[in-house]
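**Q**
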Amino acid sequence: MAEGGVAAALANVDDRDNWRVHFADTMRGGQYVNDWRMAELHAKEAPDRVRELEAWGAVFDRTPDGRILQRNFGGHRYPRLAHVGDRTGLEMIRTLQDHGIHQGIQVHMEHTIVTLLKDGERVSGAFGYDRERGRFKLFRAKAVVLATGGIGRAYKITSNSWEYTADGQSLAYNAGAELMDMEFVQFHPTGMIWPPSVMGILVTEGVRGEGGILLNKNGERFMFSSIPENYRAQTADNPEEGWRYTQGDKNAKRPPELLTRDHVSRCIMNEVKAGRGSPHGGVFLDIAWIKEKLPNAAEHIKKKLPSMYHQFMQLANLDITKEPMEVGPTTHYIMGGVRVNSETQMASVPGLFAAGEVAAGLHGSNRLGGNSLSDLLVFGKRAGEFAAKFAKEHNAGVIDQTQIEEAAGEALAPFDRTPGANGSSEGPYQVQYDLQEMMQNLVGIVRYQREMEQALKELAKFQERCRKVVVHGHREYNSGWHTALDLQHLLTVSEAITRAAIERKESRGGHFRDDYPNKDAAEGKFNIVVHRAGDGSMQIRREPIPEMPEYLKQIIEEMK
Amino acid sequence: MSTATFRIWRGDSAGGQFVDYTTKVAEGMVVLDAVHAIQATQANDLACRWNCKAGRCGSCSAEINGRPRLMCMTRLDELPDESITVEPMKTFPLIRDLVTDVSWNYQAKKKIKKFKPRPPDAPDGTWRMAQADVDRVQEFRKCIECFLCQDVCHVLRDHNKLAEFVGPRLLVFAAALEMHPLDTEDRLPELKRSAGIGYCNITKCCTKVCPENIKITDNAIIPLKERVVDEFYDPLGWLWKLVRPKTGSGSELKVPSSGLSQSPKAAV
Ligand SMILES: Cc1cc2nc3c(=O)[nH]c(=O)nc-3n(C[C@H](O)[C@H](O)[C@H](O)COP(=O)(O)OP(=O)(O)OC[C@H]3O[C@@H](n4cnc5c(N)ncnc54)[C@H](O)[C@@H]3O)c2cc1C
Ligand code: SF4
Ligand code: SF4
Ligand code: FES
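Here the protein sequences line up with chains A and B, keeping their order. Quick note on the numbering used here: the first sequence kicks off at -17 and runs consecutively. Quick note on the numbering used here: the second sequence kicks off at 3 and runs consecutively.
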């Protein structure tokens, strides 16, 4: 659950901040393949969305003069993340839930949509089942908003929960909508790596924001030796200045630990490869060292990072106020997703909208920390409003009974299958594990043409296995069944990621290719779009990025 | 790698029994890891609700060796070596295996009136609150809605007073609203009547099981009880209440006076 905070240029801590700086930071972080109009709307509207949460009862941490406190985060020039300790996501979820209870919203808890229904070109509803009882349910709808989150479960090591099985991206794709930027997957630099059962669980960037440093096994602060050219002007070149930055000194530049996530992840990989990693194959993240600087460091750490303290104490038997943590990269976020209209969030299928992680555009090739919570607030509101408008302006579409029967038949198929000729049958879990292992190895942090081509071949074999998966038992809360249905989504999206990654012949943001290790200006002029052809095959297309208007170009120039 | 035996409840509202499963265990494993391993290899259809595996979402609540706990935060090496028993929460209707129907909690929440802030403090529609004044509320807002406290409370569990008493979780929720420095609503009558705060006899069992270490009884329930008592049984207090303005706990903050007349609408 989101920990670090929500990014909004409220300028409560540093009055030099404003939407223009936030816009420029987001574009720089995304390496300029972002949808610039979304980046503009996002930077302008995020502050109002955060204030709205406060009006609905959210209780953010405070500045000394009683306003919403903001913290430093990677890639943000000024302290910009409104937060509640390290449990900001929980605060947002609870605020929205408690507010929603009194709005007359009907919530269908624990329901899973398996297909979107269409009437000609447009969406006319959604079809799914309730997990508790396993009964099918039809939702007639003039408009549908997807807000289904990410795809982390396509990989073995991930910070994401089990729900991140790419349902929304795949539902939209199957309904004929275009996906975009699927090659851009974010690997967060700091996931837990020990003990094995917690591998992947997130260690918030907030640890580095509060002064945490990265060390290799020789105790060297290796991030100082690889500061990229385009960030050099804003990055501290000595530890002392870095520390002052984390403590709010406005004249200090940020420490290199707070460079963008793609970069920090690769630096960690390099240390490990060079044999300078920690005992369990990561590096050390040390916050305990701040006791050299602060008299009451242990208390300070517990107050600022309570969940992290708790998480390591309970799961790893480690006191972060005394010892360094062991960390390594973990699959965290997908920048790509459903291609939407920048203003309305409508997909290429009329009546279908998407917001939050499932949508593409805002983050370009790399998302800045904190920009996801603000993304889903800003564009969630927009998607809702435009979906409501669409629904008012259109009649209900026709529900096609054969679509429903097909979907129901497909969903129940795993129960009806009989073991193969040799009597063997495979459950869904092994297929899922093997797929995650394959994606981690062949389409992970560092990519090669040959390996990705291999991945495509493997994916075809996984399709075969997926079609034969057998599920036992009843339909009530049957986790095996749910996993079997998720598999198809994971396969579709894994293929989209792989094909888009093969197509982009350069390295940019979250997409790093060992065979094309540099950024290529020509490749940066378009986005890669994925869609389903009439014959059911997956097609790739290069979509030129529209020219940025002068006033936005100027902002980027000024903030260089 | 050693092995351990887990006695897991299998069944639904019609009945069921414990089934023994033996699985490999490794360093650092939690109960949820073992349940997943069993699910993946021996019982694909074993029903178990979980989400974050990091103690944040509150969905993996169960009774482990008879004690209400989060499966994802209970390490095997802190449990005795003999067989480990895992069963669903008893206070809520069973759906299947380890999964219960906790929707009653969301229904009961509707009984408590929503947040009603005072008009914004500043012309730009924002408020000022001191950290010291929000610390207490932030403690309550740490709640992850695991409902372990509801599970253990004897008023709900043994006396089945789900219609009369909202339980410790929702008293924490009410306390968070009542002690919110911006809130202007009065929830004391409903706390006494529909929320049934009088049923709590301060056994503190709820506090003991809270994975977020919220001091449910001392910090939330007792202060609310005191307010209810003041309101309803103290005639002088009752008179005072009619004339006093409702305030937070009081650290002074400088506030631009022009903002005080703003309507709450200006903020949204
Ligand atoms: C550990 C962690 C920490 C993070 N910290 C931060 C942070 O500090 N700041 C920040 O900005 N971002 C952070 N992020 C990223 C951010 O939290 C997510 O990107 C964001 O929550 C996505 O929100 P969403 O509304 O798009 O989807 P979600 O919040 O993931 O919601 C998706 C919902 O859709 C449901 N769903 C999925 N499939 C279906 C289906 N088929 N049918 C019905 N329902 C379905 C799911 O059950 C889920 O409830 C973090 C992410 C993680 C994993
Ligand atoms: S203190 Fe009150 S609410 Fe908590 S368990 Fe005891 S009776 Fe229930
Ligand atoms: S108060 Fe504690 S025990 Fe009760 S629901 Fe909240 S987190 Fe769980
Ligand atoms: S799985 Fe989220 S609290 Fe246990």
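Note that CB positions come from ideal geometry on N, CA and C, so glycine has one too.
Measuring CB to CB, does leucine 334 (chain A) end up less than 8 Å from valine 105 (chain A)?
**A** Locating residue 334 (chain A) in the first sequence gives position 352, counting from the first residue. Locating residue 105 (chain A) in the first sequence gives position 123, counting from the first residue. Yes, they are a contact pair.
**Q** Under three-state DSSP, which class holds alanine 110 (chain B)?
**A** Taking the second sequence and counting its residues from 1, the one referred to as residue 110 (chain B) is at position 108. In the structure shown, alanine 110 (chain B) sits in a helix (DSSP, three-state: H, G or I).
**Q** If you measure from each CB to the nearest heavy atom of ligand 4 and keep those under 7 Å, what residues do you get, in chain order?
**A** This criterion selects B:Leu34, B:Trp52, B:Asn53, B:Cys54, B:Lys55, B:Ala56, B:Gly57, B:Arg58, B:Cys59, B:Gly60, B:Ser61, B:Cys62, B:Leu72, B:Met73, B:Cys74, B:Met75, B:Ile146, B:Cys148.
**Q** Is there a Cβ from chain A that is less than 8 Å from the Cβ of cysteine 212 (chain B)?
**A** What you label residue 212 (chain B) is simply residue 210 of the second sequence in a count that begins at 1. No - not a single Cβ of chain A is within 8 Å of the one on cysteine 212 (chain B).
**Q** I'd like to know whether the C-beta of leucine 72 (chain A) is nearer than 8 Å to at least one C-beta of chain B.
**A** For the purposes of this step, residue 72 (chain A) is taken as residue 90 along the first sequence, with counting starting at 1. Closer than 8 Å to some Cβ of chain B, the Cβ of leucine 72 (chain A) qualifies, so yes.
**Q** Please classify valine 180 (chain A): does DSSP put it in a helix, a strand, or coil?
**A** Here residue 180 (chain A) is taken as the residue at index 198 of the first sequence, counted from 1. It is helical.
**Q** Just how far apart, CA to CA, sit aspartate 468 (chain A) and arginine 135 (chain A)?
**A** The residue labelled residue 468 (chain A) in the question sits at position 486 within the first sequence. The residue labelled residue 135 (chain A) in the question sits at position 153 within the first sequence. Going by the C-alpha atoms only, they are around 10 Å apart.
**Q** Are three or more beta carbon pairs between the segment 335 to 343 of chain A and the segment 499 to 508 of chain A nearer than 8 Å?
**A** No, because fewer than three Cβ pairs between the segment 335 to 343 of chain A and the segment 499 to 508 of chain A fall closer than 8 Å, the two stretches do not touch.
**Q** Per DSSP, isoleucine 174 (chain A) is paired with what?
**A** Position 192 of the first sequence holds residue 174 (chain A). First, the amino acid is wrong: residue 174 (chain A) is methionine here, not isoleucine. According to DSSP, methionine 174 (chain A) bridges with A:Val309.
**Q** Whole angstroms is fine: what's the gap from alanine 466 (chain A)'s alpha carbon to valine 453 (chain A)'s?
**A** Reading the first sequence from its first residue, position 484 is the one you call residue 466 (chain A). Reading the first sequence from its first residue, position 471 is the one you call residue 453 (chain A). In a straight line, the C-alpha of alanine 466 (chain A) is about 8 Å away from that of valine 453 (chain A).
**Q** Are any of the Cβ atoms in chain B nearer than 8 Å to that of serine 143 (chain A)?
**A** Numbered from 1 along the first sequence, position 161 holds the residue referred to as residue 143 (chain A). At least one chain B Cβ lies under 8 Å of serine 143 (chain A).
**Q** Return helix, strand or coil for phenylalanine 109 (chain A), following the three-state DSSP convention.
**A** Reading the first sequence from its first residue, position 127 is the one you call residue 109 (chain A). Here phenylalanine 109 (chain A) sits in strand by DSSP.
**Q** Taking three-plus beta-carbon pairs below 8 Å as touching, is the segment -15 to -6 of chain A in contact with the segment 66 to 76 of chain A?
**A** With the cut-off at 8 Å, the segment -15 to -6 of chain A and the segment 66 to 76 of chain A touch.
**Q** Identify which residue in A:Ala395, A:Val189, A:Trp176 has its Cα closest to the Cα of alanine 28 (chain B).
**A** Taking the first residue of the second sequence as position 1, residue 28 (chain B) is located at position 26. Alanine 28 (chain B) has its Cα closest to that of A:Trp176, out of A:Ala395, A:Val189, A:Trp176.
**Q** Is it buried or exposed, leucine 276 (chain A), if we count other Cβ atoms within 10 angstroms and call 16 or more buried?
**A** To locate residue 276 (chain A), count along the first sequence from 1; it is residue 294. Result: exposed.
**Q** I want to check one thing, is the minimum distance from the CB of isoleucine 272 (chain A) to the heavy atoms of ligand 2 below 7 Å?
**A** Residue mapping note: residue 272 (chain A) aligns to position 290 of the first sequence, counting from 1. Result no, Cβ not under 7 Å from ligand 2.
**Q** List the residues of chain A whose Cβ lies closer than 8 Å to the Cβ of asparagine 162 (chain B), in chain order.
**A** Reading the second sequence from its first residue, position 160 is the one you call residue 162 (chain B). Under the 8 Å cutoff, chain A gives no residues; its nearest Cβ is about 22 Å from asparagine 162 (chain B).
**Q** Give me, in chain order, the residues of the same chain whose beta-carbon lies closer than 7 Å to that of alanine 222 (chain B); leave out the 5 immediate sequence neighbours on both sides.
**A** Residue numbering aside, residue 222 (chain B) sits at position 220 when the second sequence is read from its first letter. Excluding residues within five positions, the ones whose Cβ falls inside 7 Å are Phe142, Leu173, Val174, Ala177.
**Q** Which value, in whole angstroms, describes the spacing of the CA atoms of threonine 242 (chain A) and threonine 7 (chain B)?
**A** Mapped onto the first sequence, residue 242 (chain A) falls at position 260. Mapped onto the second sequence, residue 7 (chain B) falls at position 5. Spanning the two alpha carbons is a distance of roughly 45 Å.
**Q** Measure from the C-beta of alanine 369 (chain A) to each C-beta in chain B and report whether the shortest distance is under 8 Å.
**A** On the first sequence, residue 369 (chain A) is found 387 positions in, with the first residue counted as 1. No, alanine 369 (chain A) lies away from the interface with chain B (no Cβ there is under 8 Å from its Cβ).
**Q** When the Cβ atoms of the segment 178 to 189 of chain A are set against those of the segment 248 to 257 of chain A, are three or more pairs found closer than 8 Å?
**A** Output reads no: the segment 248 to 257 of chain A does not touch the segment 178 to 189 of chain A.
**Q** Shorter than 7 Å, the distance from the beta carbon of valine 174 (chain B) to the closest heavy atom of ligand 3, or not?
**A** The residue labelled residue 174 (chain B) in the question sits at position 172 within the second sequence. Checking every heavy atom of ligand 3 against the Cβ of valine 174 (chain B), one is found closer than 7 Å.
**Q** Going straight from the alpha carbon of aspartate 101 (chain A) to that of isoleucine 316 (chain A), what length do you get?
**A** Sequence index remark: in the first sequence, residue 101 (chain A) carries index 119 (1-based). Sequence index remark: in the first sequence, residue 316 (chain A) carries index 334 (1-based). Distance between the alpha carbons of aspartate 101 (chain A) and isoleucine 316 (chain A): 30 Å.
**Q** Over the uninterrupted beta strand (DSSP E) stretch that includes proline 261 (chain A), give me the two end residues.
**A** For the purposes of this step, residue 261 (chain A) is identified with residue 279 of the first sequence, where counting begins at 1. No beta strand (DSSP E) holds proline 261 (chain A); DSSP gives it neither H nor E.
**Q** Consult DSSP for serine 253 (chain B) and reduce its assignment to one of helix, strand or coil.
**A** To locate residue 253 (chain B), count along the second sequence from 1; it is residue 251. Low local confidence applies: a pLDDT of 48 at serine 253 (chain B) is under 50, so the model's placement there is unreliable, with the coordinate-based value given in what follows. In the structure shown, serine 253 (chain B) sits in coil (DSSP, three-state: anything other than H, G, I, E or B).
**Q** Using the Cα positions of glycine 224 (chain A) and valine 15 (chain A), report the straight-line distance between them to the nearest angstrom.
**A** For the purposes of this step, residue 224 (chain A) is taken as the residue at position 242 of the first sequence. For the purposes of this step, residue 15 (chain A) is taken as the residue at position 33 of the first sequence. Each residue's Cα considered, the two are about 29 Å apart.
**Q** So, does the CB of glutamate 192 (chain B) fall closer than 8 Å to a CB anywhere in chain A?
**A** Translated into the one-based positions of the second sequence, residue 192 (chain B) becomes position 190. So no, glutamate 192 (chain B) is outside the interface.
**Q** What number of angstroms, rounded off, separates the C-alpha of methionine 295 (chain A) from the C-alpha of cysteine 54 (chain B)?
**A** Sequence index remark: in the first sequence, residue 295 (chain A) carries index 313 (1-based). Sequence index remark: in the second sequence, residue 54 (chain B) carries index 52 (1-based). Near 17 Å, if we compare the C-alpha coordinates of cysteine 54 (chain B) and methionine 295 (chain A).
**Q** How many angstroms separate the CA atom of phenylalanine 508 (chain A) from the CA atom of proline 122 (chain B)?
**A** Translated into the one-based positions of the first sequence, residue 508 (chain A) becomes position 526. Translated into the one-based positions of the second sequence, residue 122 (chain B) becomes position 120. Taking the straight line from one Cα to the other gives about 45 Å.
**Q** Cα-Cα, which of A:Gln418, A:Leu287, A:Lys450, A:Ala154 is closest to alanine 437 (chain A)?
**A** Taking the first residue of the first sequence as position 1, residue 437 (chain A) is located at position 455. Measuring from the Cα of alanine 437 (chain A), the nearest candidate turns out to be A:Gln418.
**Q** Please report how far the alpha carbon of alanine 28 (chain A) lies from the alpha carbon of leucine 358 (chain A), in whole angstroms.
**A** Residue mapping note: residue 28 (chain A) aligns to position 46 of the first sequence, counting from 1. Residue mapping note: residue 358 (chain A) aligns to position 376 of the first sequence, counting from 1. Spanning the two alpha carbons is a distance of roughly 10 Å.
**Q** Can histidine 156 (chain B) be considered in contact with ligand 5, in the sense that its beta carbon sits closer than 7 Å to one or more heavy atoms?
**A** What this structure holds is ligand 1, ligand 2, ligand 3 and ligand 4, not ligand 5.
**Q** Can you find a heavy atom of ligand 2 that lies under 7 Å from the Cβ of asparagine 203 (chain B)?
**A** In the second sequence, the residue the question calls residue 203 (chain B) occupies position 201. Within the cutoff, so yes.
**Q** Is DSSP giving lysine 284 (chain A) helix, strand or coil here?
**A** Residue numbering aside, residue 284 (chain A) sits at position 302 when the first sequence is read from its first letter. In this structure, lysine 284 (chain A) counts as helix in the three-state DSSP scheme.
**Q** In angstroms with no decimal places, state the Cα-to-Cα distance between alanine 269 (chain B) and glutamate 34 (chain A).
**A** By 1-based counting over the second sequence, the position of residue 269 (chain B) is 267. By 1-based counting over the first sequence, the position of residue 34 (chain A) is 52. Confidence at alanine 269 (chain B) is low in this model, with a pLDDT of 33, below 50, so the placement of that residue should be treated as unreliable; the coordinate-derived value is given next. Rounded to the nearest angstrom, the two C-alpha atoms are 6 Å apart.
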